[in-house]
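Visitor: Residue numbers (the UniProt record's numbering): 1 to 247. First, the structure itself, so that you have it in front of you.
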């Protein structure tokens, strides 16, 4: 087990302290620092690492038990569990092919990710904020050099979902994979007759607006920025579809 030892600065409120511990351990499990069957650090170790009370640690462990991520064996310790098989969401990513399919996924994302961004602004850790910044920096560098931007774009959105503190947002977006990024399937800028450089600059700006709202822990601004970003993507695709149908 290679559990990450550097803590994020925890928020002040008791409820958020527990959420911070939950996110810290859940991230370790999801990112492979803790493998199924590994024993978690003791309560005392987590208290020291995170700078929280025993009550906060026990509340966090209770949340993790309820979500099926860990189990506590009396007198032995708490252990990570293997991830449960992904539930069938009724969405086969391989069927997301046409422009109408991508538009439908964007409509789904607007409802999901708008709330996810708001929750992330309230619950994100400093470590998650740094991951968001890293994904944005990679995206910007790739976009300036005509490189592949889908991976960094996807990581940005997945990190926001993870920072929401609600694993179901992250599970759904992970299930959809790169299909959540329209240009992974379609050259939406070209289809909408947008200048590629202007298009990428606009996406960069929209991402920065989302990041800045999450950084300053402003849920309503984060929701508004995410809705604007995804609605603009939907509008580009809608225009492209109209152009194709009119030709």
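Ideal placement from N, C-alpha and C gives every residue a C-beta, glycine not left out. This structure is a prediction, so every number in the text was calculated from the model and none was measured.
By how many angstroms is the C-alpha of residue 34 removed from the C-alpha of residue 216?
Guide: In a straight line, the C-alpha of residue 216 is about 30 angstroms away from that of residue 34.
Visitor: Just reading off the beta strand (DSSP E) that residue 73 is part of, what are its end residues?
Guide: Start and end: 70-73.
Visitor: For the alpha helix (DSSP H) that contains residue 151, what are its first and last residues?
Guide: Segment 150-163, the alpha helix (DSSP H) holding residue 151.
Visitor: Say the cut is 7 angstroms; is the CB of residue 159 nearer than that to a heavy atom of the ligand ADP?
Guide: With respect to the ligand ADP, the structure shown offers nothing to examine, as it has no ligands at all.
Visitor: At what residues does the beta strand (DSSP E) containing residue 127 begin and finish?
Guide: No beta strand (DSSP E) contains residue 127, which is instead part of the alpha helix (DSSP H) from 126-144.
Visitor: How far does the beta strand (DSSP E) with residue 77 in it reach, from first residue to last?
Guide: Its beta strand (DSSP E) spans residues 77-80.
Visitor: Taking 8 angstroms as the threshold (C-beta atoms), are residue 142 and residue 135 in contact?
Guide: Cβ distance not < 8 angstroms, so residue 135 and residue 142 don't count as in contact.
Visitor: Going by beta-carbon coordinates alone, are residue 119 and residue 165 separated by less than 8 angstroms?
Guide: Against a cut-off of 8 angstroms, the Cβ pair of residue 165 and residue 119 comes out as a contact.
Visitor: Residue 20 and residue 125 look like a contact to me (Cβ under 8 angstroms); what is the Cβ gap, rounded to whole Å?
Guide: Their Cβ separation, rounded to whole angstroms, is 6 angstroms, which keeps residue 20 and residue 125 in contact under 8 angstroms.
Visitor: Give the range of the alpha helix (DSSP H) segment to which residue 34 is assigned.
Guide: That residue, residue 34, is in no alpha helix (DSSP H); it is neither H nor E in DSSP.
Visitor: Out of 199, 80, 101, point me to the one whose CA is closest to residue 252's CA.
Guide: Summary: the structure shown does not reach residue 252, with the chain confined to residues 1 through 247, and so no result is reported for it.
Visitor: Touching or not, the region 35-54 and the region 171-178, by the rule of three or more beta carbon pairs under 8 angstroms?
Guide: The region 35-54, when compared against the region 171-178, does not touch it at the 8 angstroms Cβ threshold.
Visitor: Examine the Cβ distances between the region 227-235 and the region 107-118 and report whether three or more of them are shorter than 8 angstroms.
Guide: A contact exists between the region 227-235 and the region 107-118.
Visitor: My output table needs one value for residue 16: the three-state DSSP class, helix, strand or coil.
Guide: Helix, per DSSP.
Visitor: Is the distance from the Cβ of residue 102 to the Cβ of residue 237 below 8 angstroms?
Guide: Going by C-beta atoms, residue 102 is nearer than 8 angstroms to residue 237.
Visitor: Rounded to the nearest angstrom, what separates residue 26 and residue 121 at their Cα positions?
Guide: For residue 26 and residue 121, the distance between alpha carbons rounds to 18 angstroms.
Visitor: Run through DSSP, which three-state label would residue 242 get?
Guide: Reduced to three states, the DSSP call for residue 242 is helix.
Visitor: Would you identify the three-state DSSP class for residue 209, choosing helix, strand or coil?
Guide: Correct three-state label for residue 209: helix.
Visitor: Where does residue 216 sit, in a helix, a strand or coil, going by DSSP?
Guide: It is coil, neither helix nor strand.
Visitor: In terms of residue numbering, what span does the alpha helix (DSSP H) encompassing residue 56 cover?
Guide: Unbroken alpha helix (DSSP H) run through residue 56: 54-66.
Visitor: Using a Cβ-Cβ cut-off of 7 angstroms (strictly less than) and excluding sequence neighbours within five positions of residue 65, which residues of its own chain qualify?
Guide: Hits under 7 angstroms: 71, 72.
Visitor: Quick check: what's the CA-CA separation for residue 206 versus residue 213?
Guide: Distance between the alpha carbons of residue 206 and residue 213: 11 angstroms.
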